[in-house]
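Line order of the protein sequences matches chains A and B.
For what it's worth, the UniProt record's numbering labels the leading residue of the first sequence as 1, then goes sequentially.
For what it's worth, the UniProt record's numbering labels the leading residue of the second sequence as 1, then goes sequentially.
For each residue, glycine too, the CB sits at the ideal point set by N, CA and C.
Note that the structure is a prediction, hence the values are computed from the model and not measured.
A short write-up of the structure that comes next.
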Amino acid sequence: MSTESNPWATGSDDTGAAESTASNPWGGAASTQNSDAMSMSASGTPVEQTDFSLLHPFQEVWIPLDSWIETGVDWVVTNFRPFFTAVKAPVDATLTAIDSTFNAAPPLLVIVLFGLIAWQLSGRRLAIGSVVGLITLGAIGAWQESMTTLALVVTSVLFCIVLGIPTGIAMARSDRAAKVIRPILDIMQTTPAFVYLVPIVMLFGIGNVPGVIVTIIFAVAPVIRLTNLGIRQVPSDLIEAANSFGADNKQMLFKVQLPLAMPTIMAGVNQTLMLGLSMVVIASMISVGGLGLMVLRGIGRLDIGLATIGGIGIVILAVILDRMTQSLGQDARQRGTRHWYETGPIGLLLAFKK
Amino acid sequence: MVTKLEVKNLYKIFGEHPKKALKMLDKGINKDEIFKKTGQTVGVKNASLAINEGEIFVVMGLSGSGKSTLVRLLNRLIEPTQGQVLIDGHDITKVDDKELRDIRRSKISMVFQSFALMPHMNVLDNTAFGLELSGIDVQERHEKARNALAQVGLESHANSYPDELSGGMQQRVGLARALTNNPDILLMDEAFSALDPLIRTEMQDELVRLQSEHQRTVVFISHDLDEAMRIGDRIAIMQGGEVVQVGTPDDILHNPANDYVRSFFKGVDVSNVFHAKDIVSKSRLTLIKKDSSEGLRSGLQLLNEHDRDYGYVIDKSNRFLGVVSANSLHDVIKNKQTLAEAIIDDIQPIAADTSIGEIISIVAHSPCAVPVVDDQQKYVGVISKARLLETLDKEASV
């Protein structure tokens, strides 16, 4: 089934199909044509061939799940098209904006900006590291692809945060919501990355926007879980104290729970970012551009050089983004200063002003 | 005395089916049996208290006696199952959430055993937390918070974070936070129990001092009888969720309601509980009244008759004048001097409300039984070495 919806279907897939038909003892010449014919012939065979053997019961398909799903998806796609376009629209708009910004900006500006952000968030070491890393990216000829991948990841993580943190808060506040959402998250996390691609392609088609959507679905779970956990782990005596001073729900959330849960939530954002990066790479199979596509092309053409460049680019991006978001989880005092604005470039600027 | 806070027939049952447990309680079934049969825990059972305005009211009990539950019922951090909590005659068990928040913001503050300071806020913001919740703007609340910090002597630490302070300082911040709202009622849930004994005493003194500056109604939860005796105007003793006795420290010490209450006093440091006036003896010793006529000879004779070495001189209105000895009287008579010169300067009277711990060395070093006077210099009685020993011995025998 998947070979049909896979735009990358090439000769290798054909040979796979041929193999499977060859190994099918019931496979007549007609059954190789298409899936409908195959399922038809599968359901038709028992009538013609009466030698059903208990020893080999699975030589025929009992439940034609594939054709059911196909009809189901067809029905969903035709009847809910407005819904899917509505889902795509905000993702599309955000992605286009971020992607064109990253790609249009002069590389030098991007490098400097990244260095400054890294300096502010973490320190001089990471700043130097990320500047060197980004220069390497450009030097090995992966700049354009890196920026595309970065735009995809940033868009996905943005949506993950916007969707995930409120969901996590809802889970923390209501046990019933938690009971409903938790199994959904379990399913989302246990489903292998590859398997997501199938329904997404069916419902949203191929390209960067479906790529971002699949990444959001794949990567949103950690930020939801850790937001929930962070809020639930706020010490009960602090909750009680806030209550005793007359905090309402909103004050409780914004003045007590969220600030105290912030390190945990940031750990969730970090995890989401890492998952997002890995998914953006896998999503190159549904025609998503960027570093992942370099790797995929390299493998497809046995071009080891191209694949390696893509791989190195991904690793460099991953390390930079990971370090940056990890330091978000610490507050300024853990890094030895009172306030975040006392260090980094802003601290320097303020010191100059005085 | 105006009743500030009143608790009427208050019950708290923890569990899914409180009604069932309530019915069983009415039938007189005890709490362990109710737990065995229904799984419901009786937290507080039929508690009734009337707490006066401006007093420090201590609720005492061992752990599990329901005292922490009781104090949380007062500001509804725990919802009562049945009964009334009246603040100024207004039943807060009936108010809606908004009104309850207003009451918590303005009338009633709480200090916690675990301090419960917000780790992400500095001391000043922590202190201003209650006002922040009431929506007071930054400048005003910081100013009030600074005042409160000054009251507890921590204004210099306004920019520190809680984890940079010692336990005692953290609890001062907790106290300042509760005071910033300027509440009528202060609930203190084992507020000083997590502190070491020295700091605890210091904090108790602090509380009493604050109380002398501004009279609030304080409900103080404690498991420490020394603490309760030290700061409490009145004490309620809880056992198994019930209030078994309410009274002044003296009442409870002298007339314990049952063995449970009595058992509290085992190991209590009597020297802090009793005062000089509690152990004076009034009889047995000769008094010489000072008339217009000096009566020196008659005095000496009186001492000799009763075989005493010392006499305690008071005037007609019972004011204490001093101590004379048979020897000093004898000398005065020989030299034809007045009674005033016979008084021995070395022996000074003790104030009636001095605790016994403080008078031990005075009594030990005095040649005679030490006289005790009240705050108007009126003679109350004397404390002899034997009497003091006897009292201290009670500590072991009670």
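**Request:** Tell me where the beta strand (DSSP E) around F320 (chain B) begins and ends.
**Result:** F320 to S325 is the span of the beta strand (DSSP E), which, as asked, contains F320 (chain B).
**Message:** For the stretch 5-28 of chain B, list every residue whose C-beta sits within 7 Å of some C-beta in chain A, in sequence order.
**Reply:** none
**Prompt:** L49 (chain B) and V243 (chain B) look like a contact to me (Cβ under 8 Å); what is the Cβ gap, rounded to whole Å?
**Reply:** 6 Å
**Unbroken alpha helix (DSSP H) run spanning D102 (chain B), endpoints** = D97 to S106
**Request:** Leaving aside the five residues before and after N34 (chain A) along the sequence, list all residues of the same chain whose C-beta is less than 7 Å from its C-beta, in chain order.
**Result:** With a pLDDT of 46 at N34 (chain A), under the threshold of 50, the modelled position of that residue is not reliable, and no figure is offered here.
**Prompt:** With a CB to CB cut of under 7 Å and the five nearest residues on each side skipped, what residues in its chain are close to G311 (chain A)?
**Reply:** V295
**Asked** Counting only beta-carbon atoms, is N258 (chain B) nearer than 7 Å to chain A?
**Response** no
**Request:** Under 9 Å between beta-carbons, which chain A residues line up against R104 (chain B)? List them in chain order, please.
**Result:** Residues of chain A with a Cβ closer than 9 Å to the Cβ of R104 (chain B) are, in chain order, N243, S244, F245, G246 and A247.
**Prompt:** Taking the alpha-carbon positions, what's the V319 (chain A) to V180 (chain A) distance?
**Reply:** 35 Å
**Message:** Tell me which residues share the same chain as Q189 (chain A) and place their Cβ nearer than 6 Å to its Cβ, disregarding the 5 neighbours each side in the sequence.
**Reply:** A221
**Request:** Given a cut-off of 7 Å, decide if A127 (chain A) and residue 369 (chain A) are closer than it, judged by their beta-carbon atoms.
**Result:** Nothing can be reported for residue 369 (chain A), as the shown portion of chain A is limited to 1 through 354.
**Item:** the ligand SAM heavy atom lying under 6 Å from the CB of P183 (chain A)
**Value:** Ligands in the displayed structure: none, and consequently the ligand SAM is not present.
**Request:** Go through the stretch 135-179 of chain A residue by residue and report every complete run of the alpha helix (DSSP H) that reaches 4 residues or more, in order.
**Result:** 143-173
**Prompt:** In this structure, does DSSP put A236 (chain B) in helix, strand or coil?
**Reply:** strand
**Message:** Looking at the secondary structure, which residues open and close the beta strand (DSSP E) in which L54 (chain A) lies?
**Reply:** Bounds of any beta strand (DSSP E) do not take in L54 (chain A), whose DSSP letter is neither H nor E.
**Asked** Terminal residues of the continuous beta strand (DSSP E) containing L131 (chain B)?
**Response** Here L131 (chain B) belongs to no beta strand (DSSP E); instead the alpha helix (DSSP H) covers F129 to L133.
**Message:** Going by DSSP in three states, A247 (chain A) sits in which element: helix, strand or coil?
**Reply:** When secondary structure is reduced to three states using DSSP, A247 (chain A) falls in the coil class, being assigned neither helix nor strand.
**Message:** Could you check whether the Cβ of A396 (chain B) sits closer than 7 Å to any Cβ belonging to chain A?
**Reply:** Bear in mind that a pLDDT of 49 at A396 (chain B), under 50, signals an unreliable position, so the number given afterwards is only what the model happens to contain. So no, A396 (chain B) is outside the interface.
**Request:** Decide if R230 (chain B) is buried, meaning its Cβ has at least 16 other Cβ atoms within 10 Å, or exposed.
**Result:** buried
**Asked** Do you know offhand how far L328 (chain A)'s Cα is from S122 (chain A)'s?
**Response** 8 Å
**Request:** Quick one: measure Cβ to Cβ for E240 (chain A) and A116 (chain B), integer angstroms, because I've assumed they're closer than 8 Å.
**Result:** That pair is a contact at about 7 Å.
**Item:** Reduced DSSP category for M40 (chain A) - H, G, I as helix; E, B as strand; rest coil
**Value:** Note that M40 (chain A) scores 46 on pLDDT, short of 50, meaning its location in the model is unreliable; the coordinates nonetheless yield the value given after this. Residue state, collapsed to three classes: helix.
**Prompt:** Can you give the beta carbon distance from M60 (chain B) to M238 (chain B), rounded, assuming they're within the 8 Å contact cut?
**Reply:** 7 Å
**Request:** Indicate whether the contact test is met: 3 or more Cβ pairs, each with one atom in the stretch 216-230 of chain A and one in the stretch 265-279 of chain A, closer than 8 Å.
**Result:** yes
**Message:** Any beta carbon of chain A sitting closer than 7 Å to that of S156 (chain B)?
**Reply:** no
**Message:** Residues in the same chain with beta-carbon distance under 8 Å from residue 393 (chain A), minus the five sequence neighbours each way, listed in chain order, please.
**Reply:** Look at the range of chain A in this structure, 1 to 354, and you will see that residue 393 (chain A) is not part of it.
**Request:** With 7 Å as the threshold, decide whether the Cβ of G130 (chain B) is near any Cβ in chain A.
**Result:** yes
**Contacts that F112 (chain B) makes with chain A (C-beta to C-beta distance below 7 Å)** = Taking a Cβ-Cβ cut-off of 7 Å, the neighbours of F112 (chain B) in chain A comprise D237 and A241, given in sequence order.
**Message:** Could you tell me the alpha carbon to alpha carbon distance between I279 (chain B) and G54 (chain B), rounded to whole angstroms?
**Reply:** Each residue's alpha carbon lies about 29 Å from the other.
**Spatial distance of I169 (chain A) from I231 (chain A) (CA atoms)** = 7 Å
**Prompt:** Does any CB atom of chain B fall closer than 7 Å to the CB of Q330 (chain A)?
**Reply:** Not an interface residue.
**Request:** Between the Cα of residue 404 (chain A) and those of A:I98, A:S146, A:V131 and A:V153, spot the shortest distance and give me the residue it belongs to.
**Result:** Since the first residue of chain A shown is 1 and the last is 354, residue 404 (chain A) is not available in this structure.
**Prompt:** Taking buried to mean at least 16 other C-beta atoms within 10 Å of its own C-beta, is P46 (chain A) buried or exposed?
**Reply:** Legend: pLDDT at P46 (chain A) = 49, less than 50; position of this residue unreliable, no value from coordinates given.
**Message:** So if DSSP puts T3 (chain B) in a beta bridge, which residue, or which two residues, is it bridged to?
**Reply:** B:N52
**Message:** If I measure Cβ to Cβ from N46 (chain B) and keep anything under 7 Å in the same chain, skipping five residues before and after, which residues do I get?
**Reply:** N9, Y11 and E242
**Message:** Here's the rule: buried if 16 or more other CB atoms are within 10 angstroms of the residue's CB, otherwise exposed. What is Y310 (chain B)?
**Reply:** buried
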